[in-house]
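Chains as they are written, first to last, in our numbering: chain F, 566 to 1053; chain V, 2 to 256.
Just so it is clear, CB atoms sit at the ideal spot from N, CA and C, and this is done for glycine as well.
Nothing here was measured: the structure is a model prediction, and the numbers come from that model.
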Amino acid sequence: MTGALSPEPVVSLRLDRIQYGAHTALHDVVLDVRPGEIVGVAGHVGAGKTTLALAAAGLLGGAVPARITGTVRFSARGWPPASFVFASPWTQLTELGGTVEEEVAVGPENQGLTSGIIRARVDGAMGAAGASPLATRVPRTLSGGEMQRVALASALALDAPLVVLDEPTAQLDPSSARRIAASIRALAASGRAIILVEQNLDLLAELASRVVVLADGAPLATGDPRALLERWPPLDARLGTTTAVAERNAPTYRAPLVVTDDAPGLVIEGLVAGYAGRDVLLGVDTVVPRGAVCAWLGENGAGKTTLARAVVGLVPTHAGTMRVAGAVLDGLPVELRARLVGLVFQDPSRQLFARRVIDEAAFGPRALGESRTGALAMAREALAIVGLEGLHQVNPGDLVPQLQRRLAIAAAMAARPPLLILDEPTAGQDAAGRAWIVRALEQQRSRGAGVVITHDLTFAGRVCDFAVTIARGRVSLSRSDVPFGAAD
Amino acid sequence: MSALEHWNPLTPLAAATFLVVAAYAAPQPAGAIASFAVALGGAWVLGVGRRVSALALAVALPTSALLLTMDALVPGAPGIATHILALGPVRLDVTAVRVAMLIAAQLGAAIAAMGWVVVGVAPRRLTRALAARGLPAWAAYVLVASLEAVPEARRHAVEVMDAQRCRGLNTGGGIVGRVRALLPLAGPLSVSLVSESEERALALDARGFRPRSRRGTLTPIADPRAERVTRALLWWSSAAVLAWRIAVAWRGSAS
């Protein structure tokens, strides 16, 4: 719906309190969002950002059992009143569509539209989100970033007067993120109201006319994002936000890199690997020296995650060789490679299975033969590295996604592998969470080497010694300097 | 690709329904066996023979073996049975063999016929075809979710298993080792399937899903006149066979 500019708010929130069981997630919120307006929402992990976003989209109380005291009013009568893009790309596929374009069509199909209108909506939304080249792919086979583009297209296809985006660019490469930023601007220009949850104040300053900063479930401040930048140190733990300038000026944790080791952390030579008859990696050559942390960069779907999975043995290799700390990986089963490589998947919730945080972290050392006492000691050490020492008895399933990701890092580090690979570790993390991950990678330097698969160039600039760009299954560029910060 | 992909999914559904009705309406094993044979033969003609045959025989053969074994070991009423095999306490009579053949053929026919649809028609295509006939959104979702449940659970199991192997869990060592490695997966797998269904519900909400509404479709499924006529004949035939069977049963009980 492309309603004309009107002074009437598209959504009016008067929320006294929102509770999940006995826990109050949000209180005392008064917010109106008008057509054409982009309102940013920032704050630390657990501040109530996602709850506010869900409430504004009218999604609380149904699939998400929450008790709302207050009102959420929409001016439009169409259905649905808002479309929503979730932070995690893996949890927003409906599975009603067998291909990407069918998945994008689910919303308009639910609206009961005719085929012609659905086709027009799908084509327009996929174009705006950069998902057109993925039209015939099976959604489940997409990379996280590609899936996020499909999620955005699916939301746009609804053509709702309010679009709520919860960290929509967290999984995207810089060029896709820029495209999404342009799409958001175009949506606002066409008269839609936008609520954008984001940790990155740079993006909010670029897009939003107004930012609501939440802290501990209540608004801490509201105003122009540039004014907020001047008012608070951007890495203030209460805000949880970050900016490229702030990270560039943050204390560097990097020691000067001295490459003297005869047994580098990781050596990959001529690697060809892929899935079921389709090679994704077409001859990868790269080296990560011992004591170094390397960034693997590249567009969504370039093969970065496939490379990581090939290193741990989850993707069949057809040619080439790989060594970690001097040990040859070729032919080693996955479980034996675990002594050499720790991998944290893009979606951490998929790799947590124990009932307590401490057991989750101790699983690796135990599986590799450590005594229970020894494994628990290693687990405690790893949990302390990522700042989870106070949560040993908590069920991992009860943690917020950001803490689940840090737990997954601790679980991979507990067995002290000489190589640690983190796939998109900063997605959804606030400033404090990012600092803990930086700390984990610094610890890893002393144990061997680290690899960070990321689109977050600011973070990479802060922690990585060099970068390798992967494109079309090969290393297209390897640079020894770290020109991040300015580059993003 | 199965030949069924070129048809409106409701046509094989109607044909499969007719075969199932015919198999269960037949009073003699010969009728059920004929339905079974047509369903199996049809599956091969339609290009889904291997999987459908494996499915149907995996049910029909053990069922008949189980029924025959039970009859052989459990003594029936004395004096009325015509034994075709008598080895000490183990006796097999003609009626038991007929019943076992009838039940196995009926089950086999049902699985083979419905196998055309389950194996040869993409669930989402079937759902779209049913939606075009007025199937409400909730039923469409339940149908797709049910048909996708097994591959979904398998995908989850692989993900959790991969994560555990990446942290050193040895899942080798033969069947015992695998079972031992898989047992701890049961809990987290169930939890993740439940939480996934909650996430799916939220994702559906976010896409404007309303259980009782009628959905549109991106790509309408063709429904040529010839198929519509064939389907009408099949549905009417199914109804006629059912009516005949009920009438026969009613007459039998009345006399």
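Exposed unless 16 or more other CB atoms sit within 10 angstroms - verdict on residue i
| i | result |
| --- | --- |
| M71 (chain V) | exposed |
| D581 (chain F) | exposed |
| I85 (chain V) | exposed |
| T220 (chain V) | exposed |
| S936 (chain F) | exposed |
| V62 (chain V) | Per the sequence shown, the amino acid found at residue 62 (chain V) is Leu instead of Val. Classification for L62 (chain V): exposed. |
| L800 (chain F) | At L800 (chain F), the pLDDT of 44 sits below 50, so the modelled position is not reliable; the number obtained from the coordinates is stated separately. Flag for L800 (chain F) reads buried. |
| V824 (chain F) | For V824 (chain F), the pLDDT reaches just 45, beneath the cut-off of 50, and the residue's location in the model is therefore unreliable, although a value from the coordinates is still provided. Label assigned to V824 (chain F): exposed. |
| A820 (chain F) | Residue confidence is low: A820 (chain F) scores 44 on pLDDT, short of 50, so the model does not pin down where it sits. Its coordinate-derived value is still stated next. The residue in question, A820 (chain F), is exposed, as its Cβ has fewer than 16 Cβ neighbours within 10 Å. |
| P784 (chain F) | buried |
| V161 (chain V) | buried |
| A569 (chain F) | With a pLDDT of 47 at A569 (chain F), under the threshold of 50, the predicted position of this residue should be treated as unreliable, and no value is reported. |
| T659 (chain F) | buried |
| I247 (chain V) | exposed |
| E1001 (chain F) | Reading off the sequence shown, one finds Trp at residue 1001 (chain F), where the question assumed Glu. W1001 (chain F) is buried by the Cβ-count criterion. |
Residue-level contact to chain C via CB, residue i, 8 Å cutoff
| i | result |
| --- | --- |
| G217 (chain V) | No chain C appears in this structure, whose protein chains are F and V. |
Selection from the options that minimises the alpha carbon distance to residue i
| i | options | result |
| --- | --- | --- |
| G45 (chain V) | V:R126, V:Q165, V:A241, V:G121 | Here residue 45 (chain V) is Trp; the residue named in the question, Gly, does not match the sequence. Per the Cα distances, V:G121. |
| V845 (chain F) | F:V909, F:G835, F:V853, F:P854 | F:G835 |
| R599 (chain F) | F:R743, F:S748, F:A652, F:A753 | F:A753 |
| A150 (chain V) | V:N171, V:M162, V:S193 | V:S193 |
| V118 (chain V) | V:D224, V:P13, V:L136, V:H7 | V:P13 |
| S740 (chain F) | F:I760, F:L730, F:G695, F:A770 | F:G695 |
| A1014 (chain F) | F:A857, F:Q764, F:L727 | F:A857 |
| V880 (chain F) | F:R1027, F:L872, F:S1041 | F:L872 |
| E667 (chain F) | V:A35, V:G217, V:H7 | V:G217 |
| K869 (chain F) | F:T659, F:S708, F:T634, F:T656 | F:S708 |
| V853 (chain F) | F:E900, F:L793, F:D789, F:Q1009 | F:Q1009 |
| D724 (chain F) | F:P704, F:R757, F:E660 | F:R757 |
| V729 (chain F) | F:H588, F:A631, F:A841, F:I759 | F:I759 |
| G1038 (chain F) | F:A875, F:R684, F:G662 | F:A875 |
| L972 (chain F) | F:G934, F:E1007, F:V1017, F:A919 | F:A919 |
| V1040 (chain F) | F:A838, F:W861, F:L578, F:A722 | F:W861 |
| T882 (chain F) | F:I833, F:G643, F:G662 | F:I833 |
| R904 (chain F) | F:L953, F:R744, F:M978 | F:M978 |
| E199 (chain V) | F:A838, F:G627, F:V1033, F:Q764 | F:G627 |
Assigned secondary structure, residue i (DSSP; H/G/I helix, E/B strand, else coil)
| i | result |
| --- | --- |
| P1 (chain V) | Residue 1 (chain V) is absent from the structure shown; chain V starts at 2 and stops at 256. |
| A838 (chain F) | strand |
| G584 (chain F) | The sequence given here has Gln at residue 584 (chain F), not Gly. The answer is strand: DSSP assigns Q584 (chain F) an E or B state. |
| R1039 (chain F) | strand |
| A240 (chain V) | helix |
| I986 (chain F) | strand |
| D767 (chain F) | helix |
| A16 (chain V) | helix |
| Q916 (chain F) | helix |
| L737 (chain F) | coil |
| L93 (chain V) | strand |
| A783 (chain F) | strand |
| H957 (chain F) | coil |
| D962 (chain F) | For clarity, residue 962 (chain F) is Gly in the given sequence; the question names Asp instead. Helix. |
| D72 (chain V) | helix |
| G888 (chain F) | First, the residue type needs correcting, since residue 888 (chain F) is Arg and not Gly in the sequence shown. Here R888 (chain F) sits in strand by DSSP. |
| V906 (chain F) | strand |
| L894 (chain F) | coil |
| G217 (chain V) | coil |
| D789 (chain F) | coil |
| D924 (chain F) | helix |
| L170 (chain V) | coil |
| P1048 (chain F) | Low per-residue confidence applies at P1048 (chain F): pLDDT is 47, beneath 50, and the placement is therefore not dependable enough to give any value. |
| T817 (chain F) | At T817 (chain F), the pLDDT of 46 sits below 50, so the modelled position is not reliable and the matter cannot be decided from this model. |
Strand pairing of residue i, partner residues [DSSP]
| i | result |
| --- | --- |
| R638 (chain F) | F:S577 |
| W861 (chain F) | F:I1018, F:V1033 |
| A87 (chain V) | V:R92 |
| S648 (chain F) | F:V728 |
| V853 (chain F) | F:L831 |
| G605 (chain F) | F:L761, F:V776 |
| D597 (chain F) | F:S577 |
For this session: Report the residue ranges of all beta strand (DSSP E) runs contained in full by the region 656-702 of chain F; include only those spanning at least 3 residues, in chain order.
Result: The qualifying runs do not exist here; there are none.
Exercise. Taking only runs of the beta strand (DSSP E) that begin and end inside the region 1003-1037 of chain F, which ones reach a length of at least 3 residues, in chain order?
Worked result: Runs found: 1014-1018, 1031-1036.
Problem set entry | Complete runs of the alpha helix (DSSP H) confined to the region 103-160 of chain V [at least 4 residues] | Given a length threshold of 4 residues, each whole run of the alpha helix (DSSP H) inside the region 103-160 of chain V is given here in chain order: 124-133.
For this session: Enumerate, from N- to C-terminal direction, the unbroken beta strand (DSSP E) stretches of 3 or more residues contained entirely within the region 27-67 of chain V.
Result: Runs of the beta strand (DSSP E) lying entirely within the region 27-67 of chain V, each at least 3 residues long, are absent.
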